[in-house]
Structures are given as C-alpha cells and as structure tokens.
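The structure under discussion appears below in the form of structure tokens.
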Amino acid sequence: MRILGIETSCDETGVAVYDGAQGLLAHALYSQMQLHAEYGGVVPELASRDHIRKLLPLIRSALAEAETGSGQIDGIAYTAGPGLMGALLVGACLAQALAFAWKVPAIAIHHMEGHLLASMLEKPAPIFPFVALLVSGGHTMLVEVLGIGCYRTLGESIDDAAGEAFDKVAKLLGLPYPGGPALAKLAEQGVPGRFTLPRPMTDRPGLDFSFSGLKTAVLTTLKNAPHAAQTRADIARAFEDAAVDTLVIKCVRALKETRHRRLVVAGGVGANRTLRARLTEKVKQLDGEVFYPRPEFCTDNGAMIAYAGYVRLRAGAKPEPRSVSARWPLDSLAAP
Ligand code: KG4
Ligand code: ZN
Numbered sequence: 008m009r010i011l012g013i014e015t016s017c018d019e020t021g022v023a024v025y026d027g028a029q030g031l032l033a034h035a036l037y038s039q040m041q042l043h044a045e046y047g048g049v050v051p052e053l054a055s056r057d058h059i060r061k062l063l064p065l066i067r068s069a070l071a072e073a074e075t076g077s078g079q080i081d082g083i084a085y086t087a088g089p090g091l092m093g094a095l096l097v098g099a100c101l102a103q104a105l106a107f108a109w110k111v112p113a114i115a116i117h118h119m120e121g122h123l124l125a126s127m128l129e130k131p132a133p134i135f136p137f138v139a140l141l142v143s144g145g146h147t148m149l150v151e152v153l154g155i156g157c158y159r160t161l162g163e164s165i166d167d168a169a170g171e172a173f174d175k176v177a178k179l180l181g182l183p184y185p186g187g188p189a190l191a192k193l194a195e196q197g198v199p200g201r202f203t204l205p206r207p208m209t210d211r212p213g214l215d216f217s218f219s220g221l222k223t224a225v226l227t228t229l230k231n232a233p234h235a236a237q238t239r240a241d242i243a244r245a246f247e248d249a250a251v252d253t254l255v256i257k258c259v260r261a262l263k264e265t266r267h268r269r270l271v272v273a274g275g276v277g278a279n280r281t282l283r284a285r286l287t288e289k290v291k292q293l294d295g296e297v298f299y300p301r302p303e304f305c306t307d308n309g310a311m312i313a314y315a316g317y318v319r320l321r322a323g324a325k326p327e328p329r330s331v332s333a334r335w336p337l338d339s340l341a342a343p
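Heads up: the sequence shown begins at 8 in this note's numbering, then just goes up one per residue.
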C-alpha cells in the first residue's frame, strides 16, 4: 500500500510518499520561515497563499523522487487539523480533488497524531503502549498512547506551549523568528548556573505545564542584569535549563504514574539537543527507553502524515466526509 501525505497546517508545506513494504520513498518540505520572519510570527493569509503556490510542485517532485505514478497511489492522507483554517483548507482541497480524480480514499489526519507516530519512521521503532511528550509551537502535552487512535491526555500546558515560550524568550533576547533553534544555539555559549529560573508547577502533583511565568522571570532577570552579550547567552542557558528540567521532571512523573517504560518525544522542541540528552539520561536511570524522530521529523513534515494515513488505512479506516478544524481535541480520536 502506497500513500501520499500532505501537511499544510501552519507555515511548512510538507509532502511525502510512504510505502508499506518499502518504507519512506520520498519527502519534500518547503518552509515559509523567510516569508514570515519580517513580521516576527506566522501571518495566516500569507501562509495559505504560499501553500497554494508550493503544494502542487512539491507533490510532483515527491512523486518523481519516489518513482511513483498516480496509478500506484492507494490513498491520500492530509492534515485536517488542528491548525490555521486557510492553510489547512489548501491541503484538504487538493487532497480531496486528487483522491476524486485518482479514485482513491482521502484520509483526514490529526496533526498531533502525525507527530505522535513520527518516531515510528525510525529504527528501532517504539511499540505500543507508551507515553508521548508532544512539544511543539502550539502544544505541550503528555499523552498515554495505547494504540492507533487510543490517546489519553495526561497533562498539558495551561498557558503558553513550550515552543511558544522558546520563541517569546528568544524575541526578548533580540533573536530572529523562529526563536527556538536560535535560542538553543545561544544557550550553548551560556554559563550554567549564573542565573536561576523557576521550574514551574514541578513542586505540586499533576502533569500539567505552565510556561508563561518562566517568560516573565526571564524579562525581570534581563532588566536587572548588566547589558552584555555574555549576559544574554547566560540567560538563554538559564531558560533552556529551566524549560528542559520542567519537561524532564513531568516525563519521569508520567512514566512512573502510568507504569509504562517507553517514552516517545515529538514536535519541534523535540529537536532540542539539551532536552534529548537529559531525557535519555533520566529515562535510562528508570530502566526505560526513549524514542525520538530524526530532528527534521520533529518539526512539521509530510512524512508523519503519510505514515499516519498508512497505518489508519491498513487498519481499515474509511474516508469520511469531514471538513478541516482549527481546533480538534486529540482525545476525541477513535481507533479506525
Ligand atoms: O512542531 P513544530 O514544527 O510546529 C508546530 O506544530 O507548532 O514546532 C515548532 C516549534 C517552534 O516554537 C520552534 O521554535 C521550536 O519548535 N523548536 C525548537 C527547536 N527547534 C524547533 N525549540 C527549541 N530548540 C530547538 N532546537
Ligand atoms: Zn506540528
């Protein structure tokens, strides 16, 4: 079974071809980062228009790379939400039009389910059940995953998402959008321990997160500290340490509470090297295992959508008439 996957939920146009027997045959990504950089964030209308321009050429090049003709495609998976309405509609409309023309099913995929399953594109792939940490620009969640479509939210951010916090703190430090990777780079030059920031909500039970107070603590520290390049690097380091510690503490707690021994990390912040190193060390101490997608599949991509479409179709999913949704709770999904 060979699936074409389409991702257009935000500012990345992603396309991929996944084959059940041969694995990932091709993936192509176009990032709109440059387009939105001058505005300091994603401009939804510009995002939609750029997806329209880039999607069809990307599909052509992915099919060519996969040496696949339209007759060899058995289904089309597309991101149906959550995300920006206009951006989602571009992918959904094209997916449904192609599916109609090629007489194959169009499968609506939840963007976060795509992220959740992305590490299954790697070897060794995690097996069910596991706990997943989803850390992206829009979401921070701990999820118990029992199988495809069997998701239970254990905790989530009550305010800013982890990636959003990285981006906002990066902005405070004068770094360009998107700030997460730039902040991580600056933090590498920072002296650990010069500044200490809070680890929000770790001193009380529960698995929810809160990152907006941490951002305010950075602002206060920045105002009171001497202006120097090293100060900025040291604050970046203090922020990264605090954010990573907070995520690691909650992951360990979730593993202990659910008694699962496998942790899967997904979403853009999952590309953060400090987070990967500390989680690996801590989970090992618990005699558990941690799985990550390769960094390029932590951030938005078409491969995770093609793969999610493949597992759903293989499990018997039928195309259902559904529109796109800007909001779509992960817990509301069902097994195919
Ligand atoms: O999953 P993603 O590509 O998009 C969403 O679905 O939101 O995540 C993007 C987020 C951004 O906030 C970005 O700054 C953050 O992931 N990010 C990072 C790193 N790479 C991307 N944050 C920290 N360290 C990184 N290396
Ligand atoms: Zn995402």
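From the three backbone atoms N, C-alpha and C, an ideal C-beta is built for every residue, glycine too.
**Message:** Give me the residue from LEU53, LYS110, ALA54 with the minimum Cα distance to GLN79.
**Reply:** LYS110
**Message:** Tell me which residue opens and which closes the alpha helix (DSSP H) that VAL290 is part of.
**Reply:** 280-292
**Request:** Write down the C-beta distance between GLY156 and PRO302 rounded to the nearest angstrom, noting that I regard them as a contact closer than 8 Å.
**Result:** Not really, about 27 Å apart at Cβ, beyond 8 Å.
**Message:** Once the 5 residues before and after MET119 are set aside, which same chain residues still bring their CB inside 7 Å of it?
**Reply:** LEU141, HIS146, LEU337
**Request:** Write down every uninterrupted run of the alpha helix (DSSP H) in the region 131-155 whose length is 4 residues or greater and which is fully enclosed by it, in chain order.
**Result:** none
**Candidates ALA102, ALA28, ALA23, GLY30: closest to ILE59 by CA position** = ALA102
**Request:** Using the Cα positions of PHE246 and GLY277, report the straight-line distance between them to the nearest angstrom.
**Result:** 16 Å
**Asked** Going by C-alpha distance, which of ASP307, LYS325, PHE218 is nearest THR86?
**Response** ASP307
**Message:** Give me the pocket residues for the ligand KG4, defined as CB within less than 5 Å of any heavy atom, sorted by chain position.
**Reply:** SER143, GLY144, GLY145, GLY170, PHE173, ASP174, PRO185, GLY187, PRO188, ALA191, GLY274, GLY275, VAL276, ALA278, ASN279, THR306, ASP307
**Item:** Neighbour-count burial assignment, ILE165, 16 or more Cβ in a 10 Å radius
**Value:** exposed
**Prompt:** Near VAL97, which residues of its chain fall below 7 Å by C-beta distance, leaving aside the five closest residues on each side in sequence?
**Reply:** THR15, SER55, HIS58, ILE59, LEU62
**Asked** So what does ILE66 bridge to, in DSSP terms?
**Response** Paired residue(s): none; ILE66 is not in a bridge.
**Request:** Could you pull the start and end residues of the beta strand (DSSP E) that GLU14 belongs to?
**Result:** 9-14
**Asked** Between which two residues does the beta strand (DSSP E) carrying ASP215 extend?
**Response** That residue, ASP215, is in no beta strand (DSSP E); it is neither H nor E in DSSP.
**Asked** Quick one: what's got a C-beta closer than 8 Å to GLY154's C-beta in the same chain, skipping five residues either side?
**Response** PHE135, PRO136, ALA342
**Item:** Neighbourhood of GLY220 by C-beta, 7 Å cutoff - its chain only, sequence neighbours within 5 removed
**Value:** PRO205, PRO207
**Asked** Between the region 274-290 and the region 209-219, are three or more C-beta pairs nearer than 8 Å?
**Response** no
**Asked** Hey, how far is the Cα of ARG201 from the Cα of ALA243?
**Response** 11 Å
**Asked** Taking the alpha-carbon positions, what's the MET311 to THR203 distance?
**Response** 37 Å
**Request:** Quick one: give me the first and last residue of the alpha helix (DSSP H) that TYR317 is part of.
**Result:** 310-321
**Item:** C-beta contact flag for GLY88 and VAL331 at 7 Å
**Value:** yes
**Prompt:** What three-state label does DSSP hand ILE83 in the structure shown?
**Reply:** strand
**Item:** GLU163, DSSP secondary structure in three states
**Value:** strand
**Message:** Within 7 Å of any Cβ in chain B, is that where the Cβ of ALA224 sits?
**Reply:** Going by chain labels, chain B is absent from the structure shown, which holds only one protein chain.
**Asked** For PHE168, which option in LYS222, ALA240, ALA232 has the closest C-alpha, if you only look at C-alpha atoms?
**Response** The question names Phe, but residue 168 is Ala in the sequence shown. Checked all of LYS222, ALA240, ALA232; the closest Cα to ALA168 is LYS222.
**Asked** Does DSSP classify ALA224 as helix, strand or coil?
**Response** helix
**Prompt:** At what residues does the alpha helix (DSSP H) containing ALA44 begin and finish?
**Reply:** 40-44
**Message:** Distance check for ALA69 and GLY186, CA to CA, integer angstroms please.
**Reply:** 29 Å
**Asked** By Cβ distance below 6 Å, which residues in the same chain neighbour VAL318 in space, the five residues on each side in sequence not counted?
**Response** ILE155
**Request:** List the whole-angstrom C-beta distance separating LEU293 from VAL138, where the pair is believed to meet the contact cut-off of C-beta under 8 Å.
**Result:** Between VAL138 and LEU293 the Cβ distance is about 11 Å, and since that is not below 8 Å, they are no contact.
**Prompt:** Among ILE116, ALA284, ALA313, LYS263, which one has its Cα closest to the Cα of GLY295?
**Reply:** LYS263
**Asked** Distance, Cα to Cα, ALA240 vs ALA191?
**Response** 10 Å
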